[in-house]
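Numbering (mature numbering (1 follows the signal peptide of the UniProt record, and there is no 0)), first residue to last: -25 to -1, 1 to 176. Glycine included, each C-beta is placed from N, C-alpha and C at the ideal position. The structure under discussion appears below in the form of structure tokens.
Now the structure itself:
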């Protein structure tokens, strides 16, 4: 018995093709929707945050909040102060050493005058360090030893006249120490001459 197959008409083929395209489109849409719904909470939160950006702190603002600034005497200024102190001592015929330290007690400049004793080098540095540490002349600090004798045990200090602080607006920026004159009073006089040469207040 012969089976008779009917040929599909162009209209039928068009209808079947349209249904297949619709099914394919529906499947693609479902895959896209499934992918979107499967996103992580973190991705969703990131997407939501993108519409409402939060203000972040800038580097200058962070620096202002986490640091502070201090003033330090320049090398040129320290040298000028040391030269002025040494000149004042020479005019009196004194052989001294002058040391200038910064706010942190680090030595910036030292001038050892002709004929100054070997001990004067370290003494001048220690006087300068002591003056800037307490923001006071070392001659005034000597009086504190009467009530607090252990002060002299602090490393690097020397409680003898001859050291003066250099301050700007009341805040110390350096210390000048002089050693080698016959008395601490003279050493301090020369140190003050060095500080005066800077013209700071």
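Short of 7 Å from the beta carbon of residue 60, and not among the five residues preceding or following it, lie these beta carbons of its own chain, in chain order: 73, 151, 153, 165, 166, 168, 169. Under the DSSP assignment, residue 147 falls in the beta strand (DSSP E) whose first and last residues are 146 to 154.
By the Cβ criterion, the segment 46 to 57 is in contact with the segment 74 to 94, since at least three pairs of Cβ atoms, one from each stretch, lie closer than 8 Å. Taking all protein chains shown into account, residue 112 has 16 or more neighbouring C-beta atoms within 10 Å of its C-beta and is therefore buried. In the DSSP assignment, residue 141 is bridged to 149. Secondary structure of residue 84 (DSSP, three-state): strand. In this structure, residue 104 sits near residue 76, with a CB-CB distance shorter than 9 Å. By the Cβ-count criterion, residue 35 is exposed, with fewer than 16 other Cβ atoms from all chains shown falling within 10 Å of its own Cβ. The Cβ neighbour count for residue 100, taken over all protein chains shown within 10 Å, is at least 16; the residue is labelled buried.
Judged by DSSP in its simplified three-state form, residue 74 adopts strand. By the beta-carbon neighbour count (other beta carbons within 10 angstroms, threshold 16), residue 157 is exposed.
Looking at 128, 69, 50, the one whose alpha-carbon comes closest to that of residue 160 is 69.
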